[in-house]
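Engineer: Residue numbers (the numbering used here): 1 to 114. The following block contains the structure, expressed as structure tokens.
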């Protein structure tokens, strides 16, 4: 149960708008670092997985970095869908996902009504 309680479940998807939405890159982190539908290369980090209520996700404290690719670049149709489990909130900002100076997904609970 401890592994589940500390798990950081992540789902990232890049979707293209159309009558039928489909993912250009999809990370389920179901025990793998290879996103479906892409050929992204990992630059740094050591993967660590933990059990979640939906399968496996990245374990808390895991930091990974991939090489730049067109499917990761900021554009109007870029859509990032994430699910994070934060059992405790640290002081200050917690960065969850970032891409150079293009975009940032973070939690700043003290300043954002938490």
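Where is the CB? At the ideal position from N, CA and C, for every residue including glycine.
Name the residue from 104, 54, 93, 50 whose alpha carbon lies nearest to the alpha carbon of residue 74.
Structural biologist: In the chain shown, counting from the first residue as 1, residue 74 sits at position 74. Of the listed residues, the one whose Cα sits closest to residue 74 is 104.
Engineer: Three-state secondary structure (DSSP) at residue 21?
Structural biologist: To locate residue 21, count along the chain shown from 1; it is residue 21. Any reading at residue 21 must be qualified, since the residue scores a pLDDT of 37, below 50, and its modelled position is unreliable; no value is offered.
Engineer: Could you give the C-beta distance for residue 106 and residue 95, rounded to a whole number, given that I count them as a contact under 8 Å?
Structural biologist: Position 106 of the chain shown, counting from 1, holds the residue named residue 106. Position 95 of the chain shown, counting from 1, holds the residue named residue 95. Confirmed, about 5 Å.
Engineer: Less than 8 Å between the CB atoms is what I'm expecting for residue 49 and residue 61, so what's the real figure, rounded?
Structural biologist: Here the question's residue 49 lines up with position 49 in the chain shown. Here the question's residue 61 lines up with position 61 in the chain shown. Contact flag wrong, Cβ pair sits at about 12 Å.
Engineer: From this set, 44, 85, 40, which residue's C-alpha is nearest residue 51's C-alpha?
Structural biologist: Position 51 of the chain shown, counted from the start, is the residue given in the question as residue 51. Out of 44, 85, 40, 85 has the C-alpha closest to the C-alpha of residue 51.
Engineer: Out of 97, 42, 89, state which residue places its alpha-carbon closest to the alpha-carbon of residue 67.
Structural biologist: Within the chain shown, numbered from 1, the residue matching residue 67 stands at position 67. Nearest of 97, 42, 89 to residue 67, Cα basis: 42.
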